[in-house]
Every structure is written in structure tokens, then in C-alpha cells.
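J.: Chains A and B, in that order, give the protein sequences. For what it's worth, my numbering labels the leading residue of the first sequence as 190, then goes sequentially. For what it's worth, my numbering labels the leading residue of the second sequence as 325, then goes sequentially. We put the CB at the ideal spot given by N, CA and C, even for glycine. For clarity, every value in this text was computed on a predicted model and none was experimentally measured.
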Amino acid sequence: DAEITQSPRHKITETGRQVTLACHQTWNHNNMFWYRQDLGHGLRLIHYSYGVQDTNKGEVSDGYSVSRSNTEDLPLTLESAASSQTSVYFCASSPGGRKYFGPGTRLTVT
Amino acid sequence: SQQGEEDPQALSIQEGENATMNCSYKTSINNLQWYRQNSGRGLVHLILIRSNEREKHSGRLRVTLDTSKKSSSLLITASRAADTASYFCATDAGGNMLTFGGGTRLMVKP
Numbered sequence: 190d191a192e193i194t195q196s197p198r199h200k201i202t203e204t205g206r207q208v209t210l211a212c213h214q215t216w217n218h219n220n221m222f223w224y225r226q227d228l229g230h231g232l233r234l235i236h237y238s239y240g241v242q243d244t245n246k247g248e249v250s251d252g253y254s255v256s257r258s259n260t261e262d263l264p265l266t267l268e269s270a271a272s273s274q275t276s277v278y279f280c281a282s283s284p285g286g287r288k289y290f291g292p293g294t295r296l297t298v299t
Numbered sequence: 325s326q327q328g329e330e331d332p333q334a335l336s337i338q339e340g341e342n343a344t345m346n347c348s349y350k351t352s353i354n355n356l357q358w359y360r361q362n363s364g365r366g367l368v369h370l371i372l373i374r375s376n377e378r379e380k381h382s383g384r385l386r387v388t389l390d391t392s393k394k395s396s397s398l399l400i401t402a403s404r405a406a407d408t409a410s411y412f413c414a415t416d417a418g419g420n421m422l423t424f425g426g427g428t429r430l431m432v433k434p
């Protein structure tokens with residue numbers, strides 16, 4: 190069955206380190222998204238992509254970057270992790286309309 | 325910023341009762357979607373209602389949309405303990421990007 194996976198599921202890192210969160214989907218969806226979820230804020234859009242070599246900034250993109258070299262993957266990189274980036278990160282893919290979410294990555298920056 | 329705002333923030337009911345959650349939003353939309361999130365898990369798509377639709381049903385779920393009032397409601401009939409989760413409305417104003425509200429935490433007591 191097609192699916193969307195995220196790795197790692199949990200990550201603890203130190204302030205200032207570069208961190209990459211992986212997202213892989215097997216639906217062959219062109220559209221992929223990264224959200225972060227924090228208490229009191231719901232989900233907020235970080236970056237999104239409509240296809241290979243396409244990336245766009247979302248509402249809270251500062252300190253994050255993405256790259257899209259193939260249809261299946263959209264890795265999210267924190268260039269220099271900050272404590273404010275402690276959060277749960279969700280990746281999603283979509284053919285248009287509904288979205289399919291991954292299980293999430295809980296990131297703690299100490 | 326959040327496009328959708330859910331009301332109430334928390335709801336506790338007995339099994340068998342109906343649960344109603346409301347969502348208000350600020351701008352014109354293409355569609356509005358509802359998602360469920362069980363504790364510690366990713367979001368699961370429940371239903372999508374387009375801006376030209378007023379009501380939609382899916383099993384025990386009934387969603388209404390009033391674009392003149394910029395509001396939507398999700399009704400879960402004959403609730404079960406397994407319905408315990410957080411429920412989010414999300415609006416698509418174009419570009420297949422979703423803006424989420426803060427969610428309603430539903431507790432269904434057996």
C-alpha cells in the first residue's frame with residue numbers, strides 16, 4: 190500500500206547543530222508540505238513544493254529549508270537549530286484536495 | 325496566523341451523544357476540510373466540502389458550510405469512545421495549501 194513516512198520519529202539535538210528531517214511518500218503526489226505543530230498554534234506551514242525542483246516558503250519558514258530532487262522525498266533542514274524550533278513536525282502529500290499526513294517527528298532542541 | 329478558529333476548544337460528552345464542533349474563518353476559500361488527530365499520531369482526513377456545497381455526509385459525520393458567515397460545523401452522531409481525539413478544520417484558499425485552526429479536543433466517555 191502507498192504510504193508517507195517520516196524519520197526519525199524522535200530527535201534530540203543541541204542548539205546550533207544542523208538537523209535534517211526526512212519525508213518519503215510512495216503515492217507519486219506532486220504536492221508535498223511541511224508543518225509544525227505547537228500547543229496553542231495548531232499546525233503552521235513551513236515550506237511546500239508542487240513538484241521536482243519547486244520549493245516555496247510558508248508562514249513560518251525562517252531557519253528552515255527544503256529541497257525537492259525527486260517526487261518521493263522532501264527533506265526539511267534546520268540550518269542552525271534553535272530552542273524555538275522544538276516542536277512536532279508533520280509532512281504531508283497531496284494530489285490536490287485532501288492531504289495525507291505522516292506520523293510526525295518530535296524534535297527537541299536543547 | 326490561523327485562518328480557522330474552532331469552538332469549543334474542548335468538549336466532553338457521553339458515548340451515544342452527538343458532538344458538534346464549529347469553525348470560523350476569515351477569507352474566501354476554495355474548500356474546507358476536517359481532520360482528526362489521535363494523541364501522538366498524524367492527522368487523518370475526514371471530509372472535504374467545497375465552497376459551492378452547503379452540506380456533506382460521510383457515515384456518522386455531517387459537515388455544513390456557510391460561506392456568507394464564513395463558518396462550518398462538524399457533527400458526529402452517536403459518538404463512541406474511539407471518537408476521542410482532536411479535530412481540526414483547515415481552509416484551502418487556493419494553491420492546495422491548508423491553514424489550520426487550533427482544534428477541538430473531544431473526549432467521549434464510555
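Is Ser336(B) helix, strand or coil by DSSP?
T.: Residue state, collapsed to three classes: strand.
J.: Would you tell me roughly how many angstroms separate the C-alpha atoms of Arg360(B) and Gly205(A), rounded to the nearest one?
T.: Taking the straight line from one Cα to the other gives about 34 angstroms.
J.: State yes or no: is the C-beta of Asn355(B) within less than 9 angstroms of the C-beta of Gly247(A)?
T.: In this structure, Gly247(A) does not lie closer than 9 angstroms to Asn355(B) by Cβ.
J.: So with Cβ pairs under 9 angstroms, would you call Gln326(B) a contact of chain A?
T.: At Gln326(B) the pLDDT is 49, less than 50, meaning the model places this residue with poor confidence; the figure from the coordinates comes in the next sentence. Yes, contact with chain A.
J.: Does DSSP put Asp444(B) in a helix, a strand or coil?
T.: Residue 444(B) lies beyond the stretch modelled for chain B, which goes from 325 to 434, so this question has no answer here.
J.: Using a Cβ cut-off of 7 angstroms, which residues of the stretch 401–431 of chain B contact any Cβ in chain A, in chain order?
T.: Listed by position along the chain: Phe412, Asn420, Met421, Leu422, Phe424, Gly425, Gly426, Gly427.
J.: Looking at the strands, I want to know which residues DSSP matches up with Gly231(A).
T.: For Gly231(A), which the question treats as bridged, DSSP gives the partners Asp227(A).
J.: Got a sec, what are the start and stop residues for the beta strand (DSSP E) Ile371(B) sits in?
T.: Here the beta strand (DSSP E) through Ile371(B) covers 367–374.
J.: Just how far apart, CA to CA, sit Tyr237(A) and Gly425(B)?
T.: Approximately 19 angstroms between the Cα atoms of the pair.
J.: Would you list the residues sitting across from Ala414(B) in a DSSP beta bridge?
T.: Note: Ala414(B) sits in a beta bridge opposite Gln357(B), Phe424(B).
J.: Within a Cβ cutoff of 6 angstroms, which residues of the same chain sit near Ser325(B), ignoring the five residues on either side of it in sequence?
T.: Because the pLDDT at Ser325(B) is just 45, under 50, the model does not fix this residue reliably, and the point stays unresolved.
J.: Please list, in chain order, all residues of the same chain as Pro332(B) whose beta carbon is under 7 angstroms from its beta carbon, the five residues on each side excluded.
T.: So the qualifying residues of the chain are Thr428.
J.: For chain A, check one thing: does any of its Cβ atoms lie closer than 9 angstroms to the Cβ of Asn355(B)?
T.: Judged by the 9 angstroms Cβ criterion, Asn355(B) is in contact with chain A.
J.: Looking at the C-beta of Ala191(A), does it have a partner C-beta in chain B at a distance below 9 angstroms?
T.: By this cut-off, Ala191(A) is not an interface position.
J.: Taking the alpha-carbon positions, what's the Ala414(B) to Ile373(B) distance?
T.: Between Ala414(B) and Ile373(B), the C-alpha separation is close to 11 angstroms.
J.: Which residue wins for smallest C-alpha separation from Ile235(A), given the options Met431(B), Pro434(B), His369(B), Met421(B)?
T.: The shortest C-alpha separation from Ile235(A) is found at Met421(B).
J.: Among the residues of its own chain, which have a CB less than 6 angstroms from the CB of Ser336(B), if the five just before and after it don't count?
T.: Met431.
J.: Assign Ser343(B) to one of two classes, buried (16 or more other C-beta atoms within 10 Å of its C-beta) or exposed (fewer than that).
T.: Checking the sequence, you will find Ala at residue 343(B) rather than Ser. Label assigned to Ala343(B): buried.
J.: On the three-pair Cβ rule with 8 angstroms, is the stretch 267–280 of chain A touching the stretch 380–399 of chain B?
T.: Because the criterion of three Cβ pairs below 8 angstroms is not met, the stretch 267–280 of chain A and the stretch 380–399 of chain B do not touch.
J.: State the start and end residues of the unbroken beta strand (DSSP E) segment that holds Pro284(A).
T.: Note, Pro284(A): beta strand (DSSP E), 276–285.
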